[in-house]
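One structure is given below, encoded as structure tokens.
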Amino acid sequence: MRKSEVLKTRLIKGLLYAGLILLALLCIIPFWMMLVNSTRSGNEIMTSFSLIPCTSLLENWKLVTKNLNIFQGMLNSLLIAVCSTILVSYFSALTAYGLACFKFRGNKLLFTVMLVFMMVPAQLGLLGFYDLCNALGLVDSYIPLIVPAIASPGTVFFLRQYILSVLPRALLEAPRIDGASELTIFHRIVLPIMSPGIATMAIGAFIGSWNAYLVPLVLLNNQKLFTLPMMIASLNSVKDISSNIGATYLAVAISVMPIIVVFCFCSRYIISSISAGSVKE
Amino acid sequence: MGKKNAPAKHRGPNDVDHYGALFCIPFVVTFLVFSVYPVLRTFVMSFTDYKGYGKADLVMLDNYTRALTDPLFWEAFVNTLKMWGINIVLQLGLALLLTVLFNDMKYRMKGLSLFRAIFYLPNLIACTSVAFLFKTLLDWQYGSVNQVLLKAGLISAPINWLGGSGATAQAVVGVVGAWMWFGNSFILLMAGVQGISRDYYEAATIDGAGRWKIFACITMPLLRPIMMYVAITSLIGGLQLFDIPYLISGTKGQPGRSLYTAVFYLFNMAFTNRQMGYAAAIAFVLFAIIAVCSFVAFRLMNQKED
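Going line by line, the protein sequences match chains W and A. Quick note on numbering: the first sequence equals residues 835 to 1115 in this note's numbering. Quick note on numbering: the second sequence equals residues 35 to 340 in this note's numbering.
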């Protein structure tokens, strides 16, 4: 390569990195502003702007914890999200495997119905769902927020495509000849191979459940059962907090922090599992 | 289901195919109870004047005629489309650009895991928190964004992001949506690219294929299923836009009715006005629109397969 060409490549590369860093900053700065502002008093925030933390954190903290049962909401959300993520991961993988690797009667029908339901917006059934839960006495219960995760057509569809592209059929033959049960083959061979795909979908499922607002809003009336997003959404109605912007920022920050902390630890696992074996970095 | 077409992988008497059906049973049962039944129930509801309790009278197609001629509903629908349009163009465009960039054989960009983690960050945050955060940051008088822009001299008077013109507020919602979800699309696209064997790229590079050739002949065709997945789920999600406009506008759809979305309208009809039957009809009208769009998208993107 000629020298000028090397220089040009380097220059372009530098510009590309600059663009990436700018984009990364855009993703981080709102959170940074949130953290900074949650350490400042309402007055300070209204009159000036700062990227350096101040001293009103304790004051804001007292205001938030006195008026909002935010940690209860956090526990509630965690319970729902963890349970539904486990269900969605395991059963979607199982169903996807069944659909992708076995030719049974009704396979195509089931797949078609699933595809159709993938295009069904969640709130198409919302009113019927609400009515069903009402009739079954499941209002103010977590069951309707957790159990339906077993049937997630979108996840099954993704994992089915995934199996078709990553699972060599020959792998299934040897254990079958050795007499391993089909469920064992699924647990020991198929699941590990699928794990990058499952991880991708599990992240999505966890966040989907954690972020869910509409369905819990419709189904939960008891304040003790409120999920974290519902508590944040009700901030407006808590006078003592909404009248102080610093406290509002702090409440939002508290709702955001655990998931950022978890992500800091899990992102490595998430990213390495997604890119396992294919990206050489 | 011709047996002739079945691959010869399961020979002899140890036919294992019925296990596939067994594996699908938990899914099917849950699916019937919590997905299929509610939709059918909603469908039945849409032909009645059900109020959420008590008896309902059959009103046949009244709810549908009302929905199709309801200017408020269509206004809300167009609002939804505008916000989604801004969102999806930014979101998918950015995700695809990043995917191509990180797969470029010439520049070999480093730091993929770090950038991917950072880009994914906004996606982790509950919509309600994001809505509150931006509502506060974009506050006309006290918001940090206006303070920064004023200080930097980029604007001479504070911009009324969420209380001024409807178009501005809609654009804000669209951009916030893209900000939240582009990292997710990026991860899905990257996962798709990583399913593509590295050998293809290396072989193509050795054979002297240019960047665009590689993109057009290897990346795009092999990414097609994932792209389809991302695009269709985004459309379905986009037309269901609810929480961010609902919360950013303080549950009222202001300024004007510009942040009033279709699902927002449905929600108010069902749970505030207690017109369950009419709300159910709205849900089905929305569904019909989504179904047509998805079908067209599906056909377009699937043309060359099968």
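The beta carbon of each residue, even a glycine, is placed where N, CA and C say it ideally should be. The model shown is predicted, which means the values in this text are computed figures rather than measured ones.
Contacts of residue i in chain A (Cβ-Cβ under 9 Å)
i	result
W866 of chain W	None at all; the shortest Cβ gap to chain A is about 10 Å.
L1062 of chain W	A160, T162, S163
Y1047 of chain W	A160, C161, T162, F276, D277, Y280, L281
V973 of chain W	The contacting residues do not exist; V973 of chain W stays about 12 Å from chain A at best.
S918 of chain W	What S918 of chain W touches in chain A: nothing, since even the nearest Cβ is about 12 Å away.
Identified DSSP bridge partners for residue i
i	result
L95 of chain A	DSSP output for L95 of chain A lists no bridge partner at all.
Closer than 9 Å to chain A by CB, residue i
i	result
A852 of chain W	no
N941 of chain W	yes
T1082 of chain W	yes
T843 of chain W	yes
T1034 of chain W	yes
A1008 of chain W	no
I862 of chain W	yes
S926 of chain W	yes
T873 of chain W	no
D965 of chain W	yes
Backbone secondary structure at residue i - three-state DSSP
i	result
T82 of chain A	strand
R836 of chain W	coil
R291 of chain A	coil
D233 of chain A	helix
F1169 of chain W	This structure gives no information on residue 1169 of chain W, because the portion of chain W shown stretches from 835 to 1115.
M139 of chain A	coil
T103 of chain A	coil
K1073 of chain W	helix
I59 of chain A	helix
M953 of chain W	coil
C888 of chain W	coil
P978 of chain W	helix
W174 of chain A	coil
A314 of chain A	helix
S1112 of chain W	Low local confidence applies: a pLDDT of 28 at S1112 of chain W is under 50, so the model's placement there is unreliable, with the coordinate-based value given in what follows. S1112 of chain W falls in the coil class under three-state DSSP.
K43 of chain A	Interpretation of K43 of chain A is limited by its pLDDT of 48, a score under 50 that renders its predicted location unreliable; the figure taken from the coordinates is listed afterwards. Correct three-state label for K43 of chain A: coil.
Q274 of chain A	coil
N157 of chain A	helix
Residue i: contacting residues in chain A (beta-carbon distance under 8 Å)
i	result
W895 of chain W	Ordered by position in chain A, no residue passes the 8 Å Cβ test against W895 of chain W, which lies about 17 Å from the chain.
T1069 of chain W	The question names Thr, yet the displayed sequence has Leu at residue 1069 of chain W. The contacting residues are F166.
I1041 of chain W	N157, L158
Test: residue i CB closer than 9 Å to a CB of chain W
i	result
S69 of chain A	yes
N302 of chain A	no
I120 of chain A	no
C58 of chain A	yes
Y234 of chain A	no
F81 of chain A	no
G287 of chain A	no
P72 of chain A	yes
N97 of chain A	no
R308 of chain A	no
T239 of chain A	no
Chain W contact residues for residue i, given Cβ-Cβ distances below 8 Å
i	result
Q274 of chain A	P955, A956, Q957
I266 of chain A	M952, M953
K89 of chain A	Near K89 of chain A there are no residues of chain W at all, since even the closest Cβ is about 14 Å away, more than 8 Å.
Contacting residues, own chain, Cβ-Cβ under 8 Å from residue i (five flanking each side not counted)
i	result
M880 of chain W	I1079
M1035 of chain W	V922, S923, S926, T989, F992, L993
S328 of chain A	I266, L269, I270
F220 of chain A	L128, A129, L132, T133, R150, F153, Y154
L1005 of chain W	I1023, I1027
L944 of chain W	L933
A225 of chain A	I260
Contacts around residue i, its chain only, beta-carbon distance under 6 Å, and the 5 residues preceding and following it disregarded
i	result
S283 of chain A	L293
G46 of chain A	Here the model assigns G46 of chain A a pLDDT of 44, short of 50, so the residue's position is not dependable and the matter cannot be decided.
F216 of chain A	Q125, L128, A129
V1024 of chain W	Y931
T919 of chain W	A1036, A1039, F1040
T197 of chain A	The residue you asked about is not Thr; residue 197 of chain A is Gly in the sequence shown. W174, P289.
V179 of chain A	L171, L172
F318 of chain A	S80
Where residue i meets chain A, residues with beta-carbon distance less than 7 Å
i	result
T1016 of chain W	The amino acid at residue 1016 of chain W is misidentified as Thr; the sequence shows Glu. Near E1016 of chain W (Cβ distances below 7 Å), the residues of chain A are V50, Y53.
K837 of chain W	The premise fails here: K837 of chain W is roughly 17 Å from chain A at the closest Cβ pair, so nothing lies under 7 Å.
Q995 of chain W	P259
M880 of chain W	Y176
Under 9 Å from the C-beta of residue i: neighbouring residues of chain W
i	result
F111 of chain A	Correct list: empty, because the minimum Cβ distance to chain W is about 13 Å.
7 Å CB neighbourhood of residue i in its chain, flanking five on each side removed
i	result
C888 of chain W	T873, R874, E878
I914 of chain W	Y976, L979, I980, S1043, T1061
R142 of chain A	none
L1059 of chain W	N910, D974
Amino acids of chain W, ordered along the chain, whose beta-carbon sits closer than 7 Å to that of residue i
i	result
F305 of chain A	V1052
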